[in-house]
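Those sequence lines, one after another, are chains A and B.
Counting in numbering that gives the first Met the number 0, the first sequence runs from 0 upward without gaps.
Counting in numbering that gives the first Met the number 0, the second sequence runs from 0 upward without gaps.
Even glycine gets a Cβ: it sits at the ideal position worked out from N, Cα and C.
Since the structure is predicted, the reported quantities are computational estimates derived from the model, not experimental observations.
Some notes on the structure that comes next.
There are 2 protein chains.
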Amino acid sequence: MMPLRDALFRPVRAGNAFEETVERLMQAIRLGVVPPGERLPAERELATRLGVSRVTLREAIRSLQDAGIVESRRGRYGGTFVNAELPASLPGRRVEVPELLDALTLRTVLETGAAECAAGRSLGPGERRNLRARLAECSSAELAEYRRKDSRLHLAIAESTGSASLTGAIADVRMRVNELLERIPLLPPNLAHSNDQHELVVTRILDGDAEGARRAMAEHLDGTASLLRGFLS
Amino acid sequence: MMPLRDALFRPVRAGNAFEETVERLMQAIRLGVVPPGERLPAERELATRLGVSRVTLREAIRSLQDAGIVESRRGRYGGTFVNAELPASLPGRRVEVPELLDALTLRTVLETGAAECAAGRSLGPGERRNLRARLAECSSAELAEYRRKDSRLHLAIAESTGSASLTGAIADVRMRVNELLERIPLLPPNLAHSNDQHELVVTRILDGDAEGARRAMAEHLDGTASLLRGFLS
DNA sequence: CTCCAAAGGTATGTCAGCGAGCCATTGGCC
DNA sequence: GGCCAATGGCTCGCTGACATACCTTTGGAG
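Structure follows, in structure tokens:
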């Protein structure tokens with residue numbers, strides 16, 4: 000049973016401002032939106048965009064520095080840069096099965112919906128190029144960087160729905176699922192299969208085949224979903 | 000263009016604790032989860048569930064009292080009750096078109112996905128009864144209470160996916176869309192048509208016809224979506 | 001009738017988070 | 001070589017939010 004009120008009277012805030020800020024920055028880095036070597040926006044601008052004070056943002060950045068994830072340089076053309084070598088993430092807490100199913104359900108709904116929606120729009124040349132570029136990056140990715148490139152492709156698909164809320168929701172759920180995926184091994188055969196599926200999804204989106212894109216995405220997601228259910232139950 | 004970074008470096012918090020708490024309470028009331036005449040959870044419990052201090056929760060409740068939405072009674076078996084007669088909501092701010100499309104896109108993805116997912120599960124007798132009850136309530140609703148009963152039915156569908164996150168996301172997006180819908184008139188013919196579509200969606204969910212449930216929900220949502228696009232563009 | 005449990009109402013001390021301003025460093029431009 | 005704009009680094013006072021404790025009201029149980 001999952002009473003409706005539990006879903007509505009859930010916590011208003013996921014954590015304090017500091018924690019949520021760290022979470023956001025990690026999201027941008029782990030999902031490959033700001034790749035290794037690149038610079039985050041300047042503190043003053045980033046603080047404004049995140050709706051957080053510069054002091055709080057700096058505390059968050061500081062904790063990423065301590066974790067070896069970013070480095071800051073002063074002076075003009077300075078800034079905060081994502082390290083080229085990202086440290087392996089620590090194993091998180093134990094995950095309950097209901098929590099897992101919840102995340103997987105939401106992911107399926109959001110990502111299959113996004114694929115269908117993206118295919119149903121008339122994409123601009125920039126968007127089409129973006130999709131193809133992310134697909135190529137993903138195919139040629141090493142094992143160590145695969146999850147990041149994979150997420151980056153999925154986010155590109157989300158982005159091409161034109162809905163910022165949808166994109167944000169997908170980013171959030173991907174963070175939840177990736178945290179779980181990091182506990183199970185990533186094997187080259189899975190990776191090759193995944194690339195084939197990506198190709199199919201992107202092709203159908205570019206062809207405007209909404210129903211086909213949805214089905215291809217559903218099949219793709221089912222792969223990791225059943226892997227996860229197997230490993231964590 | 001909707002750069003990916005805009006979707007990720009969005010504000011960490013939608014407002015201060017007080018505002019977000021008011022929003023949550025309004026959500027429960029406007030979406031019909033706590034119907035007129037019923038009692039909210041006790042302050043101490045509600046504050047805990049919302050992850051907010053009792054002082055802040057009380058400020059929020061106070062502002063709902065001032066707006067004539069709830070009333071508080073002291074003593075044992077007292078509490079905070081939703082008023083039987085809810086005041087008409089004030090016309091909100093002007094809405095931009097991109098914001099509208101964003102909300103509608105997200106709604107379509109979430110709700111068609113939820114319908115499909117609900118149909119694909121084996122629902123328990125309680126869930127089946129719940130769906131039928133909400134459907135009946137909706138059919139027999141007066142104009143004034145239609146949006147609330149309608150939302151309550153859609154939330155029951157969301158709930159029967161078993162995913163709390165999905166249910167919460169649907170509640171959020173419905174609040175956004177309802178705010179827009181309140182600016183356009185609700186006519187009896189629309190209402191009758193809507194009821195037919197509801198019936199179709201629920202029937203297909205109960206029959207386990209996932210693809211059909213999705214299509215029926217998509218059609219249902221298209222109705223209000225095109226109405227909205229017409230009125231607000 | 002009395003008591004008391006459960007609910008709302010109130011007060012207070014503490015701390016996180018904010019805004020604003022200033023300092024320190026750096027590298028390109030003139 | 002000197003200037004200066006853009007960046008990170010730092011400080012201080014103010015306010016919102018919180019935890020905690022206590023008070024007041026109410027209606028049923030005994």
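Neighbour-count burial assignment, residue i, 16 or more Cβ in a 10 Å radius
i: F8/B; result: buried
i: V54/B; result: exposed
i: S232/B; result: exposed
i: R147/B; result: buried
i: H248/B; result: Summary: the structure shown does not reach residue 248/B, with chain B confined to residues 0 through 232, and so no result is reported for it.
i: E84/B; result: exposed
i: G31/A; result: buried
i: R228/A; result: exposed
i: A117/B; result: buried
i: R213/B; result: buried
i: A13/B; result: exposed
i: G36/B; result: exposed
i: L3/A; result: buried
i: E141/A; result: exposed
i: E210/B; result: exposed
i: D195/A; result: exposed
i: S139/A; result: exposed
i: R92/A; result: exposed
Cβ shell of residue i (< 7 Å), same chain only, five flanking positions each side left out
i: L226/A; result: I183
i: A157/A; result: A113, L165, T166, I169
i: T20/B; result: L49, V51, T55, L56, A59
i: A41/A; result: G78
i: Y145/B; result: L185, L190
i: T223/A; result: L180
i: V94/A; result: L179, L231
i: S88/A; result: E181
i: R23/A; result: L49
i: R203/B; result: A118, G211, A212, A215
Span of the beta strand (DSSP E) around residue i
i: T223/A; result: Segment 209-230 is the alpha helix (DSSP H) holding T223/A; no beta strand (DSSP E) there.
i: E70/A; result: 69-72
i: V11/B; result: That residue, V11/B, is in no beta strand (DSSP E); it is neither H nor E in DSSP.
i: T268/B; result: Here chain B comprises residues numbered 0 to 232, so residue 268/B is not present and cannot be evaluated.
i: V81/B; result: 78-81
Residue interval of the alpha helix (DSSP H) (run including residue i)
i: G167/A; result: 163-180
i: F17/B; result: 16-29
i: L125/A; result: At residue 125/A the sequence reads Gly, which differs from the Leu that was named. G125/A -> alpha helix (DSSP H) spans 124-138.
i: K112/B; result: First, the residue type needs correcting, since residue 112/B is Gly and not Lys in the sequence shown. Segment 96-119, the alpha helix (DSSP H) holding G112/B.
i: V54/A; result: 53-65
i: E44/B; result: 42-49
i: A191/A; result: 187-206
Sequence-distant residues of its chain with Cβ nearer than 8 Å to residue i (five each side left out)
i: A217/A; result: T107, T111
i: R43/B; result: R53
i: A46/B; result: S52, R53, T55, L56
i: T160/B; result: A113, C116, A117, R120, T166
i: A66/A; result: P86
i: F80/A; result: G36, E37, R38, L39, V69, E70, S71, R72
Sequence-distant residues of its chain with Cβ nearer than 6 Å to residue i (five each side left out)
i: H192/A; result: none
i: G207/A; result: A118
Residue i Cβ short of 8 Å to the ligand ZN heavy atom set
i: E22/A; result: In the structure on display, the ligand ZN does not appear, and there are no ligands present to speak of.
- Spell out a yes or no on whether the region 101-116 of chain B and the region 103-111 of chain A are touching, meaning 3 or more CB-CB pairs, one atom from each, closer than 8 Å. The region 101-116 of chain B, when compared against the region 103-111 of chain A, does touch it at the 8 Å Cβ threshold.
- Message: If the cut-off is 8 Å on Cβ atoms, which residues from the region 53-75 of chain B count as contacting chain A, listed in chain order?
- Response: Cβ contacts with chain A: none found.
- Query: Is the region 91-101 of chain A touching the region 56-69 of chain A in the sense that three or more CB pairs, one from each, lie closer than 8 Å?
  - Reply: The region 56-69 of chain A makes no contact with the region 91-101 of chain A: fewer than 3 CB pairs, one atom from each, lie closer than 8 Å.
- Query: Given 8 Å as the limit, is there contact between the region 120-130 of chain B and the region 74-92 of chain B, that is, 3 or more CB pairs closer than that?
  - Reply: Contact between the region 120-130 of chain B and the region 74-92 of chain B is not established, with fewer than three Cβ pairs separated by less than 8 Å.
- Any residues in the region 192-217 of chain B with a beta carbon nearer than 7 Å to a beta carbon of chain A? Which ones, in chain order? Look at the region 192-217 of chain B: it has no residue with a C-beta under 7 Å from a C-beta of chain A.
- Task: Scan the region 151-181 of chain A for residues whose Cβ lies nearer than 7 Å to a Cβ of chain B and list them as they occur along the chain.
- Result: Closer than 7 Å at the C-beta level to chain B, one finds these residues of the region 151-181 of chain A: L154, E158, T160, G161, S162, A163, S164, L165, T166, G167, A168, A170.
- Listed from N- to C-terminal order along the chain, which residues in the region 97-114 of chain A have their beta-carbon within a distance smaller than 8 Å of any beta-carbon of chain B? Legend: CB atoms of the region 97-114 of chain A lying less than 8 Å from CB atoms of chain B belong to residues L100, D101, A102, T104, L105, T107, V108, L109, T111, G112, A113.
- Message: Against chain A, which members of the region 3-36 of chain B pass a CB distance test of less than 7 Å?
- Response: If you check each beta-carbon in the region 3-36 of chain B against every beta-carbon of chain A, the ones closer than 7 Å belong to L3, R4, D5, A6, L7, F8, R9, P10, V11, R12, A16, E19, T20, R23, Q26, A27, V32.
- Query: When Cβ atoms are compared, which residues of the region 114-126 of chain A fall closer than 7 Å to chain B?
  - Reply: Residues passing the 7 Å Cβ filter: C116.
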